[in-house]
Amino acid sequence: MVELGNVVKTANGAIGAVVDWLDHGMRPGIFTVEWDETTFTGDAPPRHWTRAESEALTILS
Numbered sequence: 002m003v004e005l006g007n008v009v010k011t012a013n014g015a016i017g018a019v020v021d022w023l024d025h026g027m028r029p030g031i032f033t034v035e036w037d038e039t040t041f042t043g044d045a046p047p048r049h050w051t052r053a054e055s056e057a058l059t060i061l062s
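The letter at position 57 of the sequence shown is residue 58 when you use this note's numbering, and the numbering goes up by one with no holes.
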């Protein structure tokens, strides 16, 4: 599971760091990822991911 401080990678190769995690009571956790602009071309991946969506990310560290 993705946690605050992890470095993550998308299926398309974009790499970023998880810099924030919010839990809004009954809502799922929301993770904020700051992406390294040198690891992707075109549009950046989303900055905000739910816990379920973050399962698609590979944890690098």
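All residues carry an ideal CB built from backbone N, CA and C; glycine is no exception.
Computed from a prediction, not measured in an experiment: that's the story for all the values here.
query: Nearest candidate by alpha-carbon position, reference residue 35, set 54, 56 and 15; result: 15
query: Alpha-carbon to alpha-carbon, residue 19 and residue 6; result: 5 angstroms
query: Beta carbon of residue 114 nearer than 8 angstroms to that of residue 11; result: No answer is possible for residue 114: it lies beyond the span of the chain, which begins at 2 and ends at 62.
query: Environment of residue 17 [buried if 16+ CB atoms lie within 10 Å]; result: buried
query: Runs of alpha helix (DSSP H) lying entirely within the segment 20–51, each at least 4 residues, in chain order; result: none
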